[in-house]
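A.B. asks: Quick mapping for you: the protein sequence lines, in order, are chains A and B.
If you read the first sequence in my numbering, its first letter stands for residue 42, the second for the next number, and so on.
If you read the second sequence in my numbering, its first letter stands for residue 591, the second for the next number, and so on.
The C-beta atom is built at its ideal place from N, Cα and C for all residues, glycine as well.
Just so it is clear, the structure is predicted and the values come from calculations on it, not from any experiment.
Submitted below is the structure of interest, expressed as C-alpha cells.
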Amino acid sequence: MTLLEIQTFLQAEFVGGGRRNPAEVEIVSACGSDLMSDVLAFGRQGEILLTGLTNAQSVRTADIIGAVAVVYIRGKRPDEECLALAREKGIPLLTTRKMMYEACGILYSRGLPGVGDPAEAETAADGVEADALTRSFEIAGRNFSRAGSASTTVKDILEDIGIDPLVIRRVAIAAYEAEMNVVMYADRGEMTLSVTPALVTLSLRDEGQGIPDIGLAMQEGYSTATPEMREMGFGAGMGLPNIKKNADRFEITSEVGRGTNLDIYFHLGNRRENRA
Amino acid sequence: MTASVATVRVDPQKCRGRMKCLRACPAQAIRVRNGKARFLADRCIHCGECIPVCPNGAIVALTNPFGELTKFRYTVAIPSPALYAQFGREILPDKILNGITTIGFDDTYDQAQICGMVSFAIQEFLRDHQGPRPIISNACPVIVHLIQVKYPNLLGHILPLEVPREIAAREIKKVKARQYELPESQIGAFYLTPCPSKMVSIRQPAGQRASHLDGAIAIADVYGPLRAALESVPAESYRRSLENICILGIGWAMVGGICRTLRLRNSLAASGLPEIIRVFDDIERGKLNNIDFIEAYSCPQGCVGGSLTVENVYVSFNKILKLIETLEYEKIKACPDVREVRRLYREGYFSSGEKHEPRPIRPLDENLSRAISLRKEKDALCRTLPQIDCGACGAPTCLAFAEDVVRGECAVEQCPVLAAGRGPARSGPGDNALQGGPS
C-alpha cells in the first residue's frame, strides 16, 4: 500500500516532516500504539506508525524501528521539536480526524497487515520488559589480552537466538570496534546488549579521556592511535565510521575527561523474512 | 541425538561414558546420556578429535575396510601426500607408491602431482579474483564444515576449485577405463586418508555432485601391511626418486606448504581449531582484508597431524619440511607445466561443482520471541548451576547443560552437583566456556 492510498483512506493531511512523493512511498504494515516501548518491541521496518503521542519521542521511535511515516490520530498535531526531527530524519508526518480504533480498522480492512500473527502476538503479550534480553559485559581498559571476548559472546548469543547471519555479522563488527575503542582509550567501560524481536541494541558507556571533536573522530582515516596500537593492527581511523556504516542507527555523545557513550541500533525487519 | 555421524560411530559395547570425548570436542557436539556418548549431528564438524582420546577405543572412524576392494574389477589407491611423511627420511614417495601396489591395490596414483597442478590453479585464480578476500583453502573438509556451521558469512571466501583428491579420482578412472575397456563404475578409486573428515565428502557430498571417490581407507590401516611390503620393494636411485617428487604437491601434507612452495606473498597459514577460530573471527571483523590466501587445517601442523596417521606429528612434519628444503636446495622442480595448467584452468578442469550452503546450528526456537525468552531462561538457569563445567551431567559445560534443559532434552535434576546439595558457586552466566570455540 502506498502512503498516498493511506492518506486517501484516512482522509489524512500532510503536516510536515520529510517531504516525499506519497505515491512512491511503499508501506508494508502498520502498528498503532501510544506506548513507544510497545512499538520498539513489536514494530518493524517499512511500517507506518499510528499514534496519539505528538512529541519528538514518536519520531525518534519511528526512526529506530525503521517506520516509513507517522500518522497522528484524532486531529492531533506534532510539536515544533517533533517537526524539526522529522524533517531531519526524512519521515513524513500526517494527521487524521479519525480515532485510533477507526483509523486502524480502516487500514486493516483495506488489507494492510499488523506486525505479526496472533500466535506471535500471544507470546509477545507477556510485555515488553519481559521480552527483551539484556546482558552487560565489563570491558577493562588497556587490557589487550582479553580484548574481543565480549563481542564473541554477543555473537554467540545472537546465533543461539537464530538472528539472520548477515545482521549478526554487522553487529559483531560494530561490537568489536566499539569494544576495542574502550580497550584502547578508556579506563573501563561496559557494553550492554539488548535484543527484542524487532531490534538489537548495543550500548557502550566508558570512563576515559572522551572525544574532544566528534565530527573529526567520525571522519574516515582520522586517528589518535599511538604507535603501539598501530603495531597491533588498530588505529587506521576506521573504528567509529565502521560502526556507523554497519549500524542502522548510531548515536554518540562524549565529554572530555569523563567518557564516551555509544548507542548502536540494528533493525531485525520483517521477522518471517529473517527466517528465510 | 545419534550414535553415529558421517565420519565416526560410537561402539556401545565399548563405550563406558568416560567423558574424554565430551571434553575434547571443540564443537560441543557430544553428550553422554545413560552412560553412552551420543552426537548432536547439526553441531559436529567432523574433525575426529574424539577418536584418539577415547581410552576404550569406542569411537571408530567410518573409513572403508580393506575388504571393499573386492567389489571392483580394478582398484586404484590415491594416497594423501601425508602418507609420504609416515616413513623414515630415506624412504621416498616412489618406493611407497610401488609398495602400495603389492598390498592389494591394482594401481596407485600420485595425488601430489594433482596437488601441484591445483597449486598453480590457485595462483591463476588469485590473480584474477575480484571478490571477497582472503580466499580460504578448501583442502580440509573440517574447515569447510566449520565455516558452514559457525561462519556462514565467510562461505564466499572458500576457494571455489575442486579438491585434488576428487580430480585425481576423476582422471584416473577415465584413464583406466579406457586402458582396460571397463566401465568407470568397475574401477574403484580409494583415498588413503589421514583423517576421517574426508568420509563426509564421499558419503554425503556437501553440494549437488556425487564424489568420484569410492571410499577412503585410513593411513593407519594400510601402514602395517605397507611397512612390511616396503622391505621387499627394491631401492631405486635416491637422486632419481627425488626428481620424481612434485615440490608443490608434497607441500599439501603440511600447513604452510602451499603458500611456501608457491611463494605466495600475501598469505597466511594456520592449523589447529582454536587458532583457526581466532583467524576466522578476525576475517569476519574485517581485519585480514589485506591477505590474499589462507591455508587452514583443523589438525595441528596440517594433514600430517591427522587422527588416522601413525607417525609422531613433529617427525612427519619435519620429514616433509626437509624434503621441501632438499628439493629447493637441489633446484629440483618435477612440477606440472604451468602453461598446460593455465590451458586446463581455462577449460574448467579445476572447476568445482560443489556449492557450500550454510549449516547453522538449530536456534533455540524458530520463533524469534520464543527464542529470546528461551535464551533468557537458559542464562537464568545457568546462573543457578555450579559453573564448574565438570561434565558429570553429560554436557560439556554448565551453559550447554542449561541449553539442553531449556530445549527439553534433559532435566535439571541430572546435574549431580546440584543434586548433592551444593549451591551455585559463582554468579554470572558461564559464557567463558564458549569463548573462542564454536558453541
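Considering B:Pro669, what are the terminal residues of the alpha helix (DSSP H) in which it resides?
C.D. replies: Counting along the chain, B:Pro669 falls outside any alpha helix (DSSP H), though it belongs to the beta strand (DSSP E) covering 664-669.
A.B. asks: Residues in the region 949-973 of chain B with C-beta within 9 Å of chain A's C-beta atoms, listed in sequence order?
C.D. replies: For the region 949-973 of chain B, which is checked against every Cβ of chain A, the residues closer than 9 Å are Pro950, Ile951, Arg952, Pro953, Leu954, Asp955, Glu956, Asn957, Leu958, Ser959, Arg960, Ala961, Ile962, Ser963, Leu964, Arg965, Lys966, Lys968, Asp969.
A.B. asks: How would you write the range of the alpha helix (DSSP H) that A:Phe28 sits in, first residue to last?
C.D. replies: Any question about residue 28 of chain A goes unanswered here, given that chain A covers just 42 to 317.
A.B. asks: If you pair each beta-carbon of the region 867-882 of chain B with each one of the region 806-818 of chain B, do three or more pairs fall below 8 Å?
C.D. replies: no
A.B. asks: Please identify the residue among B:Phe991, B:Thr783, B:Glu821 whose C-alpha is closest to the C-alpha of B:Pro655.
C.D. replies: B:Thr783
A.B. asks: Are the C-beta of A:Val236 and some C-beta of chain B separated by less than 8 Å?
C.D. replies: It does; some Cβ of chain B falls within 8 Å.
A.B. asks: Could you tell me which of B:Val996, B:Asn646, B:Leu749, B:Val765 sits nearest to B:Ser709, measuring between CA atoms?
C.D. replies: B:Leu749
A.B. asks: Which whole runs of the alpha helix (DSSP H) in the region 947-1011 of chain B are 4 residues long or more, in chain order?
C.D. replies: 958-974, 988-996, 1006-1009
A.B. asks: Determine the burial state of A:Ile255: buried for a count of at least 16 other Cβ atoms within 10 Å of its Cβ, exposed for fewer.
C.D. replies: Flag for A:Ile255 reads exposed.
A.B. asks: So if I threshold CB-CB distances at 9 Å, which residues from the region 135-153 of chain A count as touching chain B?
C.D. replies: The region 135-153 of chain A vs chain B, Cβ under 9 Å: nothing.
A.B. asks: Return the residues of the region 735-752 of chain B that lie within a Cβ-Cβ distance of less than 7 Å from chain C, sorted by chain order.
C.D. replies: Looking for chain C here will not work: the only protein chains present are A and B.
A.B. asks: Which whole runs of the alpha helix (DSSP H) in the region 82-160 of chain A are 4 residues long or more, in chain order?
C.D. replies: 97-106, 121-130, 141-150
A.B. asks: With a cut-off of 8 Å, do at least 3 Cβ pairs link the region 42-49 of chain A to the region 113-129 of chain A?
C.D. replies: no
A.B. asks: My guess is that B:Ile726 and B:Ala596 are in contact by the Cβ rule of under 8 Å, so how many angstroms apart are they, rounded?
C.D. replies: With 8 Å as the limit, B:Ile726 and B:Ala596 do not qualify as a contact, their Cβ atoms being about 22 Å apart.
A.B. asks: Let me know the secondary structure DSSP gives B:Tyr935 once reduced to three states.
C.D. replies: helix
A.B. asks: In angstroms, rounded to a whole number, what distance separates the CA positions of A:Pro159 and A:Leu309?
C.D. replies: Residue placement at A:Pro159 cannot be trusted, given a pLDDT of 42 that sits under 50; what the coordinates show is reported in the next sentence. Taking C-alpha positions only, A:Pro159 is separated from A:Leu309 by approximately 19 Å.
A.B. asks: Alpha carbons only, please: which of B:Leu612, B:Arg868, B:Val734 is nearest the one belonging to B:Pro948?
C.D. replies: B:Val734
A.B. asks: Cβ-heavy atom distance between B:Arg829 and the ligand NAP below 7 Å?
C.D. replies: As for the ligand NAP, it is missing from this structure, which has no ligand bound.
A.B. asks: Between A:Ala215 and A:Ile284, is the Cβ-Cβ spacing less than 8 Å?
C.D. replies: yes
A.B. asks: Determine, using beta carbons only, whether B:Arg717 comes closer than 8 Å to chain A.
C.D. replies: no
A.B. asks: What residue ranges within the region 241-313 of chain A form continuous alpha helix (DSSP H) runs of no fewer than 4 residues, ordered along the chain?
C.D. replies: Listed in chain order, they are 255-258, 268-272, 280-287.
A.B. asks: In angstroms, rounded to a whole number, what distance separates the CA positions of A:Glu54 and A:Leu148?
C.D. replies: Straight-line Cα distance between these residues: approximately 16 Å.
A.B. asks: For A:Leu76, count neighbouring C-beta atoms within 10 Å of its own C-beta (all shown protein chains included) and say buried if the count is 16 or more, exposed if not.
C.D. replies: exposed
A.B. asks: Tell me the residue span of the alpha helix (DSSP H) that contains B:Val613.
C.D. replies: Per the sequence presented here, residue 613 of chain B reads as Arg, with Val not at that position. First-last of the alpha helix (DSSP H) with B:Arg613: 610-614.
A.B. asks: Would the region 952-966 of chain B count as touching the region 193-212 of chain A if we require 3 or more Cβ pairs under 8 Å?
C.D. replies: Using a C-beta cut-off of 8 Å, the region 952-966 of chain B makes contact with the region 193-212 of chain A, since at least three inter-stretch Cβ pairs fall below that distance.
A.B. asks: Going by DSSP, what residue range makes up the alpha helix (DSSP H) through B:Asp684?
C.D. replies: 683-690
A.B. asks: Taking B:Cys889 and B:Ser906 to be in contact with their CB atoms under 8 Å, please state how far apart those CB atoms are, rounded to whole angstroms.
C.D. replies: With a Cβ gap of about 11 Å, B:Cys889 and B:Ser906 do not count as contacting.
A.B. asks: Do B:Cys925 and B:Leu858 have their C-beta atoms within less than 8 Å of each other?
C.D. replies: no
A.B. asks: Give me the chain B residues within the contact set of A:Glu231, using Cβ-Cβ distance strictly less than 8 Å, ordered along the chain.
C.D. replies: Neighbours of A:Glu231 on chain B: none; closest Cβ ~14 Å, over 8 Å.
A.B. asks: Determine the direct distance from the alpha carbon of A:Gly280 to that of A:Asn222, and round the result to whole angstroms.
C.D. replies: 7 Å
A.B. asks: Which residues of chain B have a Cβ atom closer than 7 Å to the Cβ of A:Asp201, listed in chain order?
C.D. replies: Pro953, Leu954, Arg965
A.B. asks: Of all the CB atoms in chain B, is at least one closer than 8 Å to the CB of A:Thr193?
C.D. replies: yes
A.B. asks: With A:Ala213 and A:Ser192 assumed to form a contact (beta carbons below 8 Å), what rounded beta-carbon distance in angstroms separates them?
C.D. replies: 6 Å
A.B. asks: For B:Ser801, which residues of its own chain have a beta-carbon under 7 Å away from its beta-carbon, when the five flanking residues on both sides are left out?
C.D. replies: Excluding sequence neighbours, B:Ser801 sits near Glu756, Ser791, Ile792, Pro795.
A.B. asks: Under DSSP, the beta strand (DSSP E) around A:Leu234 begins and ends at which residues?
C.D. replies: From DSSP, the beta strand (DSSP E) with A:Leu234 extends over 227-236.
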